[in-house]
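What follows is a short report on a single structure.
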Amino acid sequence: MFFLQLNSSLISLILTAFGARMIKKSNGMEKFMKLLEERILNDGVLKAGGILKVDSFLNHQMDIGLLQEIGKEFRRLFPKNITRILTIEASGIGIATIAAQYFDNIPVVFAKKSMSKNLDGDLLTSKVISYTKGMEFDIFVEKKFLSPDDNILIIDDFLANGQALNGLIDLVNGSGANLVGCGIVIEKGFQDGGKIIRDKGVHLESLAIVEDPKDGEITFREQ
Numbered sequence: 001m002f003f004l005q006l007n008s009s010l011i012s013l014i015l016t017a018f019g020a021r022m023i024k025k026s027n028g029m030e031k032f033m034k035l036l037e038e039r040i041l042n043d044g045v046l047k048a049g050g051i052l053k054v055d056s057f058l059n060h061q062m063d064i065g066l067l068q069e070i071g072k073e074f075r076r077l078f079p080k081n082i083t084r085i086l087t088i089e090a091s092g093i094g095i096a097t098i099a100a101q102y103f104d105n106i107p108v109v110f111a112k113k114s115m116s117k118n119l120d121g122d123l124l125t126s127k128v129i130s131y132t133k134g135m136e137f138d139i140f141v142e143k144k145f146l147s148p149d150d151n152i153l154i155i156d157d158f159l160a161n162g163q164a165l166n167g168l169i170d171l172v173n174g175s176g177a178n179l180v181g182c183g184i185v186i187e188k189g190f191q192d193g194g195k196i197i198r199d200k201g202v203h204l205e206s207l208a209i210v211e212d213p214k215d216g217e218i219t220f221r222e223q
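FYI, full-length UniProt numbering numbers position 170 of the sequence shown as 170, with every residue one higher than the one before it.
Take a look at the structure:
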């Protein structure tokens, strides 16, 4: 009995000495993930074809308090020196803008989905196939907004087949900038986008990963 008590005490001391900070971070991460997952469960709507609607709080009407927590979590996950955040219109803009406040108010650049008279000079371009719209389109960023001196964090609301994210990565690579990583709010784990991006060696962090809703229920992958 004494041996067991002694070992228990030693374990407690070891955990206190070496594990306190790690446990604290883990609890904070778990608390945030639970908050996000509960919001998806309560307000998310499953549609045919594996489409998850979160327009009541993320990408049509936006819950600013939730977006602030998302920004804080992205900052924790990407503590390195980030000089610009890159996203794509339109749903990623609000998320990226709020997140930028936690990266010392760095600039946010968003790729445009259509050509306009406002775009001038040299352009970075890439082709993207939209999962929800089922159509191919070009995305554009003026070269002057992404430079080889930049450390870029890409942020977007969803990751499904990886087309949009691949397009944004192509823009970063074309600019000569350094891609630090990609932050996604919701990844559809039952599609291959996450695997495609991770297999490229990209640092990808998804705050919630939704499993295949084949039974009509929203479930999450443990992280």
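The beta-carbon is built from N, C-alpha and C at its ideal position, and this holds for glycine as well. Given the structure is predicted, the values throughout are model-derived calculations rather than measurements.
(request) May I ask you to report which of helix, strand or coil DSSP gives residue 103? (result) helix
(message) Less than 7 Å between the C-beta atoms of residue 151 and residue 82, yes or no?
(response) yes
(request) Specify the secondary structure class of residue 230 as computed by DSSP and reduced to three states. (result) For residue 230 there is no data in the structure shown, the boundaries of the chain being 1 and 223.
(message) Rounded to the nearest angstrom, what separates residue 166 and residue 197 at their Cα positions?
(response) 7 Å
(message) Quick test of your reading: residue 202 and residue 183, contact by CB under 8 Å. State the CB separation rounded to the nearest angstrom.
(response) The pair is not a contact, with the Cβ atoms about 11 Å apart (cut-off 8 Å).
(request) Grab the span of the beta strand (DSSP E) containing residue 51 for me, first residue to last. (result) 51-53
(request) State whether the segment 160-175 contacts the segment 83-91, with contact taken as three or more CB pairs (one from each stretch) at a distance under 8 Å. (result) yes
(message) Given this structure, state the Cα-to-Cα distance separating residue 24 from residue 149, to the nearest angstrom.
(response) Confidence in residue 24 is poor, its pLDDT being 39 and thus under 50, which makes the residue's placement unreliable; the coordinate value appears in the next sentence. About 35 Å.
(request) Have a look at 204, 186 and 192 and flag the residue whose alpha-carbon is nearest the alpha-carbon of residue 219. (result) 186
(request) Would you mind stating whether residue 226 and residue 189 have Cβ atoms separated by less than 7 Å? (result) The question about residue 226 has no answer here: the residues shown for the chain are numbered 1 through 223.
(message) Assuming contact is defined by CB atoms lying nearer than 7 Å, are residue 120 and residue 59 in contact in what I supplied?
(response) no
(message) For a quick check, are the C-beta atoms of residue 100 and residue 109 less than 7 Å apart?
(response) no
(request) Kindly indicate which three-state DSSP category residue 96 falls into: helix, strand or coil? (result) helix
(request) Round the Cβ separation of residue 126 and residue 159 to the nearest angstrom and send it over; I've been treating them as touching at under 8 Å. (result) About 16 Å separates the two Cβ atoms, so there is no contact after all.
(message) residue 32 and residue 43 - do their beta-carbons sit closer together than 7 Å?
(response) no
(request) Could you tell me which residues DSSP pairs with residue 125 in its beta bridges? (result) 140
(message) My output table needs one value for residue 84: the three-state DSSP class, helix, strand or coil.
(response) strand
(request) Drop a sphere of 10 angstroms on the beta-carbon of residue 41, count the other beta-carbons inside from all chains shown, and report buried for 16 or more, exposed for fewer. (result) exposed
(message) Suppose the cutoff is 7 Å on Cβ atoms and the five residues either side in sequence are ignored; what does the same chain contact list for residue 3 look like?
(response) The predicted model places residue 3 with a pLDDT of 37, which falls under 50 and marks its position as unreliable; any figure quoted below should be read in that light. No residues qualify anywhere along the chain.
(message) For residue 103, count the other beta carbons within 10 Å of its own beta carbon; 16 or more makes it buried, fewer makes it exposed. Which is it?
(response) buried
(message) For residue 45, count the other beta carbons within 10 Å of its own beta carbon; 16 or more makes it buried, fewer makes it exposed. Which is it?
(response) exposed
(request) Check each candidate in 55, 195 and 154 and name the one with the smallest Cα separation from residue 39. (result) 55
(message) The alpha helix (DSSP H) that contains residue 206, what's its start and end?
(response) No alpha helix (DSSP H) contains residue 206, which is instead part of the beta strand (DSSP E) from 204-210.
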